[in-house]
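In my numbering, the protein residues as written are 826 to 1049. Glycine included, C-beta positions come from ideal geometry on N, C-alpha and C. As the structure is a prediction and not an experimental result, all values here were calculated from the model. A quick write-up on the structure given underneath.
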Amino acid sequence: MYAQRGRQVLAYFNSDLIFNRNRSKPDLVKNTESPLNSARRYLWQAILFLTAGLILTVLGTIYTKFSLDTLGKQEFRSACENIRGLITDRMTAHEAILRSGAGLFYATENVSRENWRTFVDNLDLDLHYPGIQGYGFSMLISPDILAQHTAEIRAQGFPEYQVRPDGERENYTSIIYIEPFSGRNLKAFGYDMFSEPVRRYDMERARDQPSTQAARKRKWSVKP
């Protein structure tokens, strides 16, 4: 509503109508926009709001996915680092066990079967190193002392002992000590790991290198 006292003119605005009191008859000014144009205007407004909403939704989805991917990658890297640390700690512990066994043979001129059993029992493998099936000692045997070696082991209470598998080879090895001496470990007693090229390579590498060597994964398939 507008008012001007000098001219005594009042103007009223209501919807699309303007009324002047100085005229004898009201002068009506109507909105000249056609219904079609009005419909188009509202349609474009609706499309604009819908498009803006879709853009915001897409941007929000992309941001959320990016954030989740980043978080997932960080968690994956963290899990990998933890696993690597656990594996490293485990291998370090196994290396320490091997070195302690080597130390026993360096310190004692003749390690007996009873010495080896006592040594392994005190390691308490099941408690401190779960997952280790057995801890053994393999002896290198030249062909010229094979018969003598077999007789000595049989005299210790193993009348059926022999180096397996049979056959002539340049050198032999035999697992003469293994603890616990029970269950599946009995199949390894007397087995010549030099009879398999892969195991022979791993053993020779461990013999010739100053550091501890990890053997490649193998499945025991020793026939009793």
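Nearest-angstrom Cα separation, counted from Ala877 out to Gln870
11 Å
Determine the burial state of Arg989: buried for a count of at least 16 other Cβ atoms within 10 Å of its Cβ, exposed for fewer.
buried
So what's Ser849 in DSSP terms, helix, strand or just coil?
Confidence at Ser849 is low in this model, with a pLDDT of 47, below 50, so the placement of that residue should be treated as unreliable; the coordinate-derived value is given next. Note: Ser849 maps to coil in three-state DSSP.
Given this structure, state the Cα-to-Cα distance separating Ala932 from Tyr1002, to the nearest angstrom.
17 Å
Indicate whether Gly1015 and Tyr986 have their beta-carbon atoms separated by less than 7 Å.
yes
Check whether the segment 995 to 1010 touches the segment 940 to 953, counting contact only when three or more Cβ pairs, one atom from each stretch, lie closer than 8 Å.
Touching, yes, given that three or more Cβ pairs across the two stretches are closer than 8 Å.
Same chain, Cβ closer than 6 Å to Thr998, neighbours up to 5 away in sequence not counted:
Ser963, Leu965, Asp1017, Met1018, Phe1019
What are the boundary residues of the beta strand (DSSP E) that includes Ile970?
No beta strand (DSSP E) contains Ile970, which DSSP labels as neither H nor E.
Per DSSP, what are the beta-bridge partners of Arg942 in this structure?
DSSP lists no partner for Arg942.
Would Gly959 pass as a contact of Asn907 if the rule is Cβ separation under 7 Å?
no
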